[in-house]
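Since the structure comes first, as C-alpha cells, the remarks are kept for the end.
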Amino acid sequence: MAKSKSKICQKCGFCGALLLNKSKEAIIKIKGNYLQSYKYFNNYIGEIKEFYKFKKNIQKGGESIAKKLFGNITKAFKFCVHIRRGDFIKIGQASKKQFTNKAINFLIPKLEKKFNQKNISIVLFGKDKNFINELEIDKKYKIYMPEINNSGVNMYFAINYCNAYLITASSSTFAWWIGFLMPEEVPIFYYNCHLECIHIKKKDYFLPKWKGINYNYLGKLKFV
669 MAKSKSKICQ
679 KCGFCGALLL
689 NKSKEAIIKI
699 KGNYLQSYKY
709 FNNYIGEIKE
719 FYKFKKNIQK
729 GGESIAKKLF
739 GNITKAFKFC
749 VHIRRGDFIK
759 IGQASKKQFT
769 NKAINFLIPK
779 LEKKFNQKNI
789 SIVLFGKDKN
799 FINELEIDKK
809 YKIYMPEINN
819 SGVNMYFAIN
829 YCNAYLITAS
839 SSTFAWWIGF
849 LMPEEVPIFY
859 YNCHLECIHI
869 KKKDYFLPKW
879 KGINYNYLGK
889 LKFV
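In terms of this note's numbering, the sequence shown has 768 at position 100, counting the first letter as 1, and numbering is strictly consecutive.
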C-alpha cells in the first residue's frame, strides 16, 4: 500500500509547499477548512476540467435556462456578477451594495473597450432578490436574473455562458470554483476585501491573472 502523509492547514491559502516538494509519499492528504488555493491545482487544471465534466441532465438544465433567458441571442457578450448574501451577512463577508453597484459601472466601459462590445448584457447570480432589485444599474443594459435552484446547473450555466465574471463576496467557495473552472480567456474580477477577509491568504487564494478591485473609504475604485 502506498504511504501517505497528512498536514493540517488553518487558513484559506497554500500551506503545502515543503510537503509537496520534498515528500516521497505517493499520497498526500491535507486537512483543514477552506482550502481554496490555486497553487494546489494550477498545474493540473487540464486534468481537473477533464474530471469535472457535467452530467447530461445538468448540461440540459443549464442549456434550457439559457434558451429561456437569451432566446436566439446566446452569443451576445454577457457580464456575470456573483452575489452572496444569506449566512455571509452575520460574518461580515456578504456582497455589499455600494461596491456591487460601483464595480458593475466601473467595469462595463472597460469591457466594452477591450472586447469592442456596445451591447453588453448583465447576468446577476444570487438568491437575495431584494438586494438585486435595489442595485442601481443603467437601464440601457439588458439585465438577466436567472432562477437556478440547482448548484450544478448554476455552475454549468456560469462556466459556459459568461464572457466576464465578477465575484462580489470574495470568500465564497462556490464563486471561487466557478472562476477557477471558467475558460482561460474569460476575465475574472473580485472585490479585494480587507478586514472581512483576514482568513484569506490573498496571494495564494486569488489566481494571478484575476484582477482585484480596491474600494476605499471615499467610494473610489481602482484595480489592485
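Where a beta carbon is used, it is the ideal one built from N, C-alpha and C, also for glycine. Just so it is clear, the structure is predicted and the values come from calculations on it, not from any experiment.
Between the alpha carbons of PHE799 and VAL892 lies a gap of roughly 26 Å. TRP844 sits close to GLN704, with the two beta carbons spaced by under 7 Å. Within the stretch 815-873, the complete beta strand (DSSP E) segments at least 3 residues long are 832-835, 856-859, listed from N- to C-terminus. Distance between CYS861 and GLU693, taken at the CA atoms: about 37 Å. Here the alpha carbons of ALA762 and ASN787 stand approximately 29 Å from one another. Where SER732 is concerned, the enclosing alpha helix (DSSP H) starts and stops at 724-738.
The alpha carbon of TYR885 has as its nearest neighbour, out of GLY760, LYS795, LEU775, PHE767, the alpha carbon of PHE767.
Shown here, GLY880 sits in a strand according to DSSP, grouped into three states.
Inter-residue distance for LYS735 and TYR829 is about 11 Å (C-alpha atoms, whole angstroms). Non-local beta-carbon contacts of MET850 in its own chain, meaning distances under 8 Å to residues more than five positions away in sequence, involve ALA826, ILE827, CYS830, TYR833, ILE856 in chain order. The closest CA to that of ASN882, considering only ASN740, LYS807, LEU737, TYR859, is found on TYR859. By the beta-carbon neighbour count (other beta carbons within 10 angstroms, threshold 16), LYS746 is buried.
Taking every protein chain shown into account, the CB of THR841 has fewer than 16 other CB atoms within 10 angstroms, so this residue is exposed. In the DSSP annotation of this structure, LEU889 is not part of any alpha helix (DSSP H); the continuous beta strand (DSSP E) holding it starts and ends at 889-891. The closest CA to that of ASN725, considering only LYS870, SER819, SER839, TYR873, is found on SER819.
For LYS721, no beta strand (DSSP E) segment is defined, and its DSSP state is neither H nor E. When DSSP reads this structure, LEU792 sits in a beta bridge with VAL749.
According to the DSSP assignment, LYS797 belongs to the alpha helix (DSSP H) that extends over 797-801. In the structure shown, the three-state DSSP call for TYR706 is helix.
Taking one beta carbon from each stretch, the stretch 715-732 and the stretch 750-764 have fewer than 3 pairs nearer than 8 Å; the two do not touch.
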